[in-house]
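Note sheet for the following structure.
There are 2 protein chains.
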Amino acid sequence: MSGVVKLTKTLSDGREQIVGLQFAPDFLGRPFKSESTITAQAATSVSLCSFPKRTVENLLKKSPSLEHRLLQQTLRELDEARSWMVTLGRKTAMEKVASFLLLIVSYIDPDADPLCQTADFDLPLTRAEIADFLGLTIETVSRQLTKLRVDDVIQIEHNRHITVGSIDRLKFRAGF
Amino acid sequence: MSGVVKLTKTLSDGREQIVGLQFAPDFLGRPFKSESTITAQAATSVSLCSFPKRTVENLLKKSPSLEHRLLQQTLRELDEARSWMVTLGRKTAMEKVASFLLLIVSYIDPDADPLCQTADFDLPLTRAEIADFLGLTIETVSRQLTKLRVDDVIQIEHNRHITVGSIDRLKFRAGF
DNA sequence: CGCGCGATTGAGTGAGCTCAAGCCTCGTGG
DNA sequence: CCACGAGGCTTGAGCTCACTCAATCGCGCG
């Protein structure tokens, strides 16, 4: 109902990768499967509404329209995951960080005027979490954010608050 | 109905990433959306059964059980995409290549005895395509395959045919 | 005040990239 | 039957971007 949840996967030696971010009001969970290798963790304070898995599955069986909505969300998550695979596999550190900021902007302001050139928001993740999201180290994330700041593409206050002066300049850094 | 299809996304400067492989008999396409930034290409000879988008969407509207099957496949694809994100973001070149071989084994022999320690198959992709799948260069893929061969984990014949002596040794290289 | 946590910054290293040369196989045409 | 060329692959040498390791900073809290 509110807050941000991160979905992670971990290798046996501790390397971690964030494989999804869920913003309210998404459905969270994996129906039709008894277990999953994915871990869900609150990234911010989260409030949610929880149902027994059995109940959800029965409800889905009885209501095709509910199942339809779940399908729509799952397709959207698949689109997002695949976009992110390009970022993970083919972009440089700078492009990854810029892409991440743009992603957050699009979540925070889902229906902002696409012509609006500025944005202002709090990062929902720590540097370490951003690194796990981008497949980078914390130091590299920090260096790239600093570079964006000294190049005057963004401003940073209190580590977490970001002000983007020109969305287009940020997009340029994200490598499209 | 048969063959392998690769789903790719491309950046404006030509960098390419394979974001999914589809083996028969999967459903291919993106319902409920007029366009997508994903390209589908045949990786092998492919035979398929095609319907107008409108027809499919009407069919889905009328048949909840068909929609349910589509939801199941979409959830499976999402699981696969997220597993792959860990590989792209957190694994070394050696681990990526070994993971790729294991992935192909699991597709080729969907229900092989999990205790069976050997496998024998043709790669459905060229080195260049494997590189685009793994977020590597063609040279790095080639070097890692050579290393697996020299270390006697696999044998390679005619570039495309792979024989795995010990699945467990390959799994060890894949980094779990 | 001291401590812990998160973040930044610097120096040095190395895994994977780039560029370049060469090999193998197969199909085509002389 | 062989010469040739093209495409796919391998191998080598050198370089670079991101990683590792380490020191330091700043802030909030007990």
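Read top to bottom, the protein sequences are chains R and H.
Plus 23 on top of the position in the first sequence (first one is 1) and you've got our numbering.
Plus 23 on top of the position in the second sequence (first one is 1) and you've got our numbering.
Note that beta-carbon positions come from the ideal geometry of N, C-alpha and C, so glycine has one too.
All of these numbers come straight from a predicted model, not from anything done at the bench.
- GLN40(H) and PHE55(H) have their C-alpha atoms roughly 24 Å apart.
- Counting along the chain, GLY43(H) sits inside the beta strand (DSSP E) bounded by residues 39-46.
- Its chain contains ILE177 as the residues whose beta carbon lies nearer than 6 Å to that of LEU171(H), once the 5 sequence neighbours on both sides are disregarded; these appear in chain order.
- A Cβ-Cβ contact shorter than 8 Å links VAL28(R) with VAL69(R).
- LYS32(R) belongs to the set of residues whose beta carbon lies under 8 Å from a beta carbon in chain H.
- Interface with chain R (8 Å Cβ-Cβ cutoff): GLN167(H) is excluded.
- Per DSSP, LYS114(R) is not a residue of any beta strand (DSSP E), being assigned neither H nor E.
- Rounded to whole angstroms, the gap between the alpha carbons of ILE127(H) and ALA47(H) is 13 Å.
- Chain H has no Cβ within less than 8 Å of the Cβ of GLY188(R).
- For a Cβ distance threshold of 7 Å, residue set LEU111, GLY112 and ARG113 of chain R lies close to GLY158(H), ordered along the chain.
- Uninterrupted beta strand (DSSP E) stretches at least 3 residues long and entirely within the segment 24-111 of chain R occur at 27-33, 39-46 and 62-65, given in chain order.
- Using a Cβ-Cβ distance cut-off of 8 Å, the segment 140-160 of chain H and the segment 103-113 of chain R are in contact, since at least three pairs of beta carbons, one from each stretch, lie closer than that value.
- Under the Cβ criterion of 8 Å, HIS91(R) is counted among the residues facing chain H.
- Chain order gives no chain H residues near GLU80(R), where near means a beta carbon separation below 8 Å; the closest approach is about 11 Å.
- Remark: C-beta atoms of GLU100(R) and LEU101(H) approach each other more closely than 8 Å.
- For the pair GLY43(R) and ALA104(R), the CB atoms are nearer than the 8 Å cut-off.
- Under the Cβ criterion of 8 Å, GLN40(H) is counted among the residues facing chain R.
- In the DSSP assignment, ASP145(R) falls outside any alpha helix (DSSP H) and lies within the beta strand (DSSP E) extending over 142-145.
- For the options ASP134(H), ILE61(H), THR149(H) and CYS139(H), the alpha carbon positioned closest to that of VAL187(H) is the one of CYS139(H).
- The Cβ atoms of MET117(H) and LEU71(H) lie no closer than 8 Å to each other.
- Counting C-beta atoms within 10 angstroms of its own C-beta, ARG92(R) has fewer than 16 neighbours from the protein chains shown and is therefore classed as exposed.
- For ALA66(H), the CB contacts under 6 Å within the same chain, skipping 5 residues up- and downstream, are VAL27, LYS29, PRO147 and LEU148 in chain order.
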